[in-house]
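So the structure is just underneath, and the comments pick up after that.
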Amino acid sequence: MVYIAMIYFMKTLHIATYLAVVVLAGHVTSCKQGFEARYGPFFIENDTTVYMDGGTGSRIDIQFEKLIRDYPDIKLVVFGNCPGSSDDVSLFEAATLLRNKGIDTHLTPASIIESGAVDFFLAGNNRTREPGSLIGVHAWSEGTKSATDYPVGHSAHQLYIDFYAFCGFTVEEAEAFYFFTINAASSRDLHYMTDEEIEEYQMITE
Numbered sequence: 065m066v067y068i069a070m071i072y073f074m075k076t077l078h079i080a081t082y083l084a085v086v087v088l089a090g091h092v093t094s095c096k097q098g099f100e101a102r103y104g105p106f107f108i109e110n111d112t113t114v115y116m117d118g119g120t121g122s123r124i125d126i127q128f129e130k131l132i133r134d135y136p137d138i139k140l141v142v143f144g145n146c147p148g149s150s151d152d153v154s155l156f157e158a159a160t161l162l163r164n165k166g167i168d169t170h171l172t173p174a175s176i177i178e179s180g181a182v183d184f185f186l187a188g189n190n191r192t193r194e195p196g197s198l199i200g201v202h203a204w205s206e207g208t209k210s211a212t213d214y215p216v217g218h219s220a221h222q223l224y225i226d227f228y229a230f231c232g233f234t235v236e237e238a239e240a241f242y243f244f245t246i247n248a249a250s251s252r253d254l255h256y257m258t259d260e261e262i263e264e265y266q267m268i269t270e
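Here it is in structure tokens:
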């Protein structure tokens with residue numbers, strides 16, 4: 065009986081150990097090593113810094129709002145590889161919160177931001193960039209139509225122009241940058257801005 069009890073105990077111990085490993089593995093998978101917590105594409109580096117990596121979806125506004133609620137002292141978002149957004153309205157809501165909180169944005173030499181991620185970067189209070197980072201822009205699309213299917217002055221463009229103006233651009237600068245992006249590449253392609261274009265359209269504030 066003692067032997068049987070020992071076998072049962074060992075099996076129970078192995079199962080408990082296995083479950084603990086599974087739970088730990090799940091935690092490591094859900095949050096990149098070295099980061100405190102994760103909110104969608106946002107990884108908490110410390111109380112003041114967030115690392116953003118990956119695309120964004122329809123929940124980015126909820127994810128970023130929860131992040132700010134849990135970490136109210138965030139001052140900086142550092143970008144990794146961010147391919148864009150599948151929901152511009154939700155992205156703009158998150159970006160509006162970022163802007164209203166006075167949070168800065170930064171591109172490292174390894175940063176790649178594309179499409180909607182560029183808009184999120186532009187919401188930064190101070191925007192900084194190191195050489196080597198890439199900024200990719202193109203025309204947005206909605207169903208069977210893309211931005212260039214609408215004439216200049218159409219209301220479909222206004223959401224984006226208003227957003228850039230909110231980010232500190234004059235109306236003229238906002239329009240110039242917006243129409244540059246939608247004509248630079250189709251919705252199925254990308255144009256990586258040159259250093260001259262980055263300077264011309266005032267992507268960086270410092």
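According to my numbering, the residues represented by the sequence shown are 65 to 270, in order. Using N, Cα and C, we set each Cβ at its ideal position, and we do this for glycine too. Predicted model, so just to flag it, every value in this text is computed and none were measured.
query, result
"What residues in its chain sit with their C-beta under 8 Å from that of Asp111, if we drop five residues either side in the sequence?", "Tyr135, Asp137, Ile138"
"In the DSSP assignment, find the alpha helix (DSSP H) that holds Ala238 and state where it starts and stops.", "235-248"
"State whether the region 141-149 contacts the region 118-128, with contact taken as three or more CB pairs (one from each stretch) at a distance under 8 Å.", "yes"
"Name the one or two DSSP bridge partners that Glu206 has.", "Lys209"
"Who pairs with Arg252 in a beta bridge, going by DSSP?", "Arg252 pairs with nothing; no bridge assigned."
"Just to confirm, are Phe156 and Phe107 a CB contact at a threshold of 7 Å?", "no"
"Would you call the CB atoms of Leu171 and Tyr256 closer than 7 Å?", "no"
"Leaving out five residues on either side along the sequence, give the residues of the same chain with a beta carbon under 6 Å from the beta carbon of Thr234.", "none"
"Just how far apart, CA to CA, sit Phe185 and His218?", "25 Å"
"Note the first and the last residue of the continuous beta strand (DSSP E) segment covering Asp168.", "168-178"
"Looking at the strands, I want to know which residues DSSP matches up with Phe106.", "Tyr103, Met116"
"Which partner residues of Cys146 appear in the DSSP bridge assignment?", "Ile177"
"By the DSSP assignment, the alpha helix (DSSP H) with Ile225 in it spans what residues?", "222-230"
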